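In my numbering, the protein residues as written are 670 to 1163. Have a look at the structure below before the remarks.
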Ligand SMILES: [Zn+2]
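Structure (structure tokens):
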């Protein structure tokens, strides 16, 4: 994946840089993803750079915020917001830029990625509303072992292990980058394939200094009339920069198994197979067994399920059981969002079966209405955390699939969301972008991000050898488990 954050609306030379990069790649038969800033698209229109717009149109267009570094940037305005108000605020501030990029390029942006490290969890709720299905960027707020993942119902090509590039200073830089690429290529081939993410900014080829650093650093927000242009590279430096980049791309292209893909092509390759899928009673049993071990994502049969999806499936199944409906399986419609607050810690809680059944029905209504996991699950006047509730649901689902009697007193044990370990605690490194006001932090927002780990799961590459092998191993262990647990029907191999 080759992508360009196309953002500098101050220095006109960066328009020409974008043009040259687009033309080079088109000549090489490569489609890249150009994530445009709203103001950059408007400036291209104002400067009558139809040539640049036409060259960009031959590639895939993404979105990179409305004003990039003008304050408040996304993490700044999201940091004091909760979930719903944050989603609405991101949409309010960012829809205009997205619409302008679409109007000017004639393409609906396929992906979004934040300016600098200005990230916030609420943007995922907003991106779904804006119809942007992929998150493409480099960063570390959420990561899943350096591989693509789903978070907030969006495909995240983020915090990828193989995020590579060459510095643009000539043969020595190129040599280092070639070696690094070959290493990644060999490792990925042995794993059955996977992504390499390479990104640049057109301005890097012409600027000596960041275009935004000279204007908006450390929270500064000068008037437009005071915006300064950054110092430029010499013609010789610019020539070497292009040459180094072009040789790097041609080198990568010369590898027989390399395919350049855009954000939307990645979405095809990693398409989620869980949403909309029917889960048989046998598969519901597998999911319930997985929950017993801990609340995290699960993968089996070539699909992955987030904790919130497991909750949706198990709640539907147990509801069918207690209302006397057929227990042949359930359909997963969507990925519910995570809770918006952390539940207070609690010990073991028990409740009569009649109260539990009332609560299962209430949670089903909550999921349908709010499309997210409740912050607290009420059992009359006491509550349990949604994690604890999911643990109990799994035990009940197992009793139902095994046709065992259901207990009259239902017990809830404390459980924790293991998946939240993939989301970072608030720390200064997350906000190291020079544009942030000094000492910027967002502890409340990162807690909210951890609650959204209910939606986290790996994005599996369709048809890769790793997926197939893992699939085989899991099927074998399931069949062995079936022997031990005396389940009559064995999954049919296909
Ligand atoms: Zn940027």
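We put the CB at the ideal spot given by N, CA and C, even for glycine. Quick caveat, the model's predicted, so the values are computed rather than measured.
Distances from the CB of residue 733 to the heavy atoms of ligand 1 include at least one below 8 Å. If the five residues before and after residue 988 are omitted, its C-beta is found closer than 7 Å to the C-beta atoms of 1029, 1030, 1033, all from its own chain and listed in chain order.
The stretch 1086-1093 makes contact with the stretch 1117-1129; the number of CB pairs closer than 8 Å reaches 3 or more. Contact between the stretch 754-769 and the stretch 779-791 is present, with at least three C-beta pairs closer than 8 Å.
In this structure, ligand 1 has a non-hydrogen atom nearer than 8 Å to the beta-carbon of residue 676. Within the stretch 704-762, the complete beta strand (DSSP E) runs of at least 3 residues fall at 729-732. Looking at 1039, 1023, 1016, 984, the one whose alpha-carbon comes closest to that of residue 1007 is 1039. Contiguous alpha helix (DSSP H) elements confined to the stretch 1023-1098 occur at 1055-1070, taking only those with 4 or more residues. In this structure, the beta-carbon distance from residue 683 to residue 872 falls below 9 Å.
Counting only runs that start and end inside the stretch 899-977, the alpha helix (DSSP H) elements of at least 4 residues fall at 904-922, 932-938, 950-962. Taking each of 983, 990, 941, 1123 in turn and checking the Cα distance to residue 1130, the smallest one comes out for 941. The three-state reading of DSSP puts residue 823 in strand, counting E and B together. Looking from the CA of residue 833, the closest CA among 841, 869, 1014, 824 belongs to 869.
Not one heavy atom of ligand 1 falls within 8 Å of the beta-carbon of residue 808. Within the chosen limit of 8 Å, ligand 1 reaches the beta carbon of residue 784 through at least one heavy atom. Using a cutoff of 8 Å, the CB of residue 737 counts as near ligand 1, since one of the ligand's heavy atoms is closer than that. Distance from the CA of residue 892 to the CA of residue 723, rounded to the nearest whole angstrom, comes to 31 Å.
In this structure, residue 740 has its beta carbon at no less than 8 Å from each heavy atom of ligand 1.
With respect to residue 1043, residue 1078 sits apart: the two C-beta atoms are not nearer than 9 Å. Non-local C-beta neighbours of residue 1069 in its own chain, meaning closer than 8 Å and more than five positions away in sequence, comprise 986, 987, 990, 996, 1075, ordered along the chain. Only residues of its own chain outside the window of five on either side were considered, and among them 708 have a CB closer than 6 Å to the CB of residue 736, listed in chain order. No heavy atom of ligand 1 is found nearer than 8 Å to the CB of residue 1091. Secondary structure at residue 893: helix, using DSSP grouped into helix, strand and coil. The stretch 716-734 makes contact with the stretch 678-693: 3 or more CB pairs, one atom from each, lie closer than 8 Å. The DSSP-derived three-state label of residue 867 is strand.
Look at residue 672 here: in three-state DSSP terms it is strand. Taking the CA atoms as reference points, residue 1010 sits about 40 Å from residue 773. Between residue 837 and residue 913, the C-beta gap is smaller than 9 Å, which places the two residues in contact. Taking 8 Å as the cut-off, the C-beta of residue 870 counts as close to a heavy atom of ligand 1.
Two segments are said to touch when three or more pairs of C-beta atoms, one from each, lie closer than 8 Å; by this definition the stretch 881-890 does not touch the stretch 807-824. Measuring C-alpha to C-alpha distances from residue 1014 to each of 751, 972, 1085, 961 identifies 1085 as the nearest. In the DSSP assignment, residue 851 falls outside any beta strand (DSSP E) and lies within the alpha helix (DSSP H) extending over 840-859. Per DSSP, reduced to three states, the secondary structure at residue 678 is coil, with no helix or strand assignment.
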